[in-house]
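Everything below concerns the one structure shown next.
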Amino acid sequence: MDSTDLRHETITFTALEPSDHHPTRRPRPCVKRILHAGDTLLSLFVISPLVVSHWRGTWGYMDLNGEYFPAWHSFALGSILHTALALLREPLQAEFSGPSRQGQAKSCWRTVRRFLVIKVYTYVFSISCIMHWRGGWDVMRMYLDHDVWPAMTVSAICFVPLVLMKSVRNLLAPPFLILTDHKECAFSFPTRFRIQQ
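Just so you know, we're using my numbering here: the sequence shown kicks off at 1 and counts up by one.
Rendered as structure tokens:
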């Protein structure tokens with residue numbers, strides 16, 4: 001993520017203004033440790049199970065209705081939706097997450113519209129990611145034998161380019177990567193080269 005987006009994702013401590021009578025205060029290490037531990041526990045025991053349950057429930061629904069979600073179609077549609085939503089992120093960010101335009105008063109309708117668009121965008125993006133993953137998983141299952149060597153071969157073939165591109169951290173998922181909902185970064189997510197449009 002860009003450094004400007006990280007300010008919304010991390011807890012920051014501001015130092016008090018220095019004065020003649022009070023030295024500048026820094027957060028105590030004990031407070032930082034408590035906040036870090038609380039954040040870790042919340043991520044592990046609340047947010048991660050909810051994310052995994054959403055993924056598993058949606059994946060299971062697609063498995064139960066496999067005739068409507070064949071492997072190649074799911075993979076292709078998930079890829080197309082994922083790409084389209086990634087390309088729409090900048091225009092949507094400019095329209096719904098930026099400050100109000102000159103002369104445009106804040107309105108209840110704009111707030112409700114922004115809320116609905118952000119939630120629908122996030123939900124459709126999650127469905128497209130699940131379709132992409134499930135489709136890819138099922139395609140590999142169709143063409144690879146259920147044996148150790150094909151599994152290890154695919155893992156090695158995929159892992160080596162990630163190492164070479166310095167992208168191994170992309171293998172992490174919740175509970176290690178947790179993002180919060182903020183209107184300023186609702187449509188923001190990092191890309192490999194962090195190119196701004």
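Virtual Cβ for every residue (Gly too), placed ideally from N, Cα, C.
Three-way DSSP call (helix, strand, coil) for residue i in this model
{"i": "residue 142", "result": "helix"}
{"i": "residue 69", "result": "coil"}
{"i": "residue 32", "result": "helix"}
{"i": "residue 107", "result": "coil"}
{"i": "residue 167", "result": "coil"}
{"i": "residue 172", "result": "coil"}
Nearest neighbour of residue i, chosen from the options [CA to CA]
{"i": "residue 133", "options": "33, 44, 69", "result": "69"}
{"i": "residue 54", "options": "141, 131, 94", "result": "131"}
{"i": "residue 86", "options": "124, 71, 146", "result": "124"}
{"i": "residue 136", "options": "59, 30, 90, 121", "result": "59"}
{"i": "residue 91", "options": "42, 121, 72", "result": "121"}
Beta-carbon proximity check, residue i vs residue j, cutoff 8 Å
{"i": "residue 62", "j": "residue 79", "result": "no"}
{"i": "residue 96", "j": "residue 127", "result": "no"}
{"i": "residue 154", "j": "residue 164", "result": "no"}
{"i": "residue 158", "j": "residue 82", "result": "no"}
N- and C-terminal bounds of the alpha helix (DSSP H) containing residue i
{"i": "residue 155", "result": "148 to 164"}
{"i": "residue 53", "result": "48 to 64"}
Below-8 Å beta-carbon distance, residue i vs any chain C residue
{"i": "residue 45", "result": "No chain C appears in this structure, which consists of one protein chain only."}
Nearest-angstrom beta carbon gap, residue j and residue i [assumed within contact, 8 Å]
{"i": "residue 142", "j": "residue 71", "result": "6 Å"}
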